[in-house]
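Chemist:
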Amino acid sequence: MVNVDRYLDSGLVDSVKRSMESVDHLSDADEGAVAAALQLAQMIETQAQNDELSSDAMKTLNTSYQVLQRYLTDLGLTPQGRKNLGLDSGDDEQDGW
1 MVNVDRYLDS GLVDSVKRSM ESVDHLSDAD EGAVAAALQL AQMIETQAQN
51 DELSSDAMKT LNTSYQVLQR YLTDLGLTPQ GRKNLGLDSG DDEQDGW
């Protein structure tokens, strides 16, 4: 079972790093996508801490979340991404959710 409080307390960047470190299928060839996803997670985390975001900044932040989700999926770091890459064993318990 996943400890949700651990992830909420640690922040987005740490959660993305842990996801990347927990898999065996990423290689040096993925370095650019990994770096981009981490940079995007850092940007999102920084912006999300700002209590006074403008309407445009909120739109950008929402779009950034969607882009990060696509990176994570493409890297096989989401259930759908693992399925797309043929890494999903079909065992729903594998994800801990």
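1 is the number of the first residue of the sequence shown in UniProt numbering; add one for each residue after it. All C-beta atoms in this analysis are idealised placements derived from N, C-alpha and C, irrespective of residue type, glycine included. This structure is a prediction, so every number in the text was calculated from the model and none was measured.
Under 9 Å between the Cβ atoms of Ala41 and Val16?
Modeler: Yes, Cβ-Cβ distance for Ala41 and Val16 is below 9 Å.
Chemist: Between the Cα of Val13 and those of Thr46, Val4 and Asp30, spot the shortest distance and give me the residue it belongs to.
Modeler: Closest by alpha carbon: Thr46.
Chemist: Quick one: what's got a C-beta closer than 7 Å to Leu26's C-beta in the same chain, skipping five residues either side?
Modeler: Cβ within range, chain order: Met20, Val34 and Leu75.
Chemist: With DSSP as the reference, label Glu52 as helix, strand or coil.
Modeler: In the structure shown, Glu52 sits in coil (DSSP, three-state: anything other than H, G, I, E or B).
Chemist: Spatial neighbours of Leu72 within its chain, please: CB distance less than 8 Å, with the 5 preceding and 5 following residues excluded, ordered by chain position.
Modeler: Cβ within range, chain order: Val16, Ser19, Ala37, Thr78 and Gly81.
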